[in-house]
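Data first, discussion second: the structure below is written as structure tokens.
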Amino acid sequence: MSAISLRLPNNLHRSVREMAGKEHVSINQMITLALAEKVSALMTDEYLGRRAKHGSKAKFLKAMGNVEKNEPESKDKLH
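Number 19 in my numbering belongs to position 25 of the sequence shown; there are no gaps in the numbering.
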């Protein structure tokens, strides 16, 4: 595990301390979780971007042509 020195604006530090208290975790744990969530979101965005480059509207439309044309159940209809 690595250690870093982190400088936070006072208002952000106060907010993190309050939220960590509400969640019953340490400030370190709260910051680690927030950072992990952000990194995960960025990695997901990159992954989907790479996948999208290989997409094909023609293949999508062909696949959609194989889907049965059923009316949605009444509970699923848009009103």
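Glycine included, C-beta positions come from ideal geometry on N, C-alpha and C.
- According to the DSSP assignment, ARG45 belongs to the alpha helix (DSSP H) that extends over 21 to 47.
- Apart from the 5 residues on each side of it in sequence, ALA14 sits with its Cβ closer than 8 Å to the Cβ of SER20, ILE21, GLN23, MET24 in its chain, given in chain order.
- Looking from the CA of ILE(-2), the closest CA among GLU17, LEU6, HIS7, THR26 belongs to THR26.
- Annotation for VAL10: ILE21, MET24 place their beta carbon closer than 6 Å to its own, counting only its chain and skipping 5 residues before and after.
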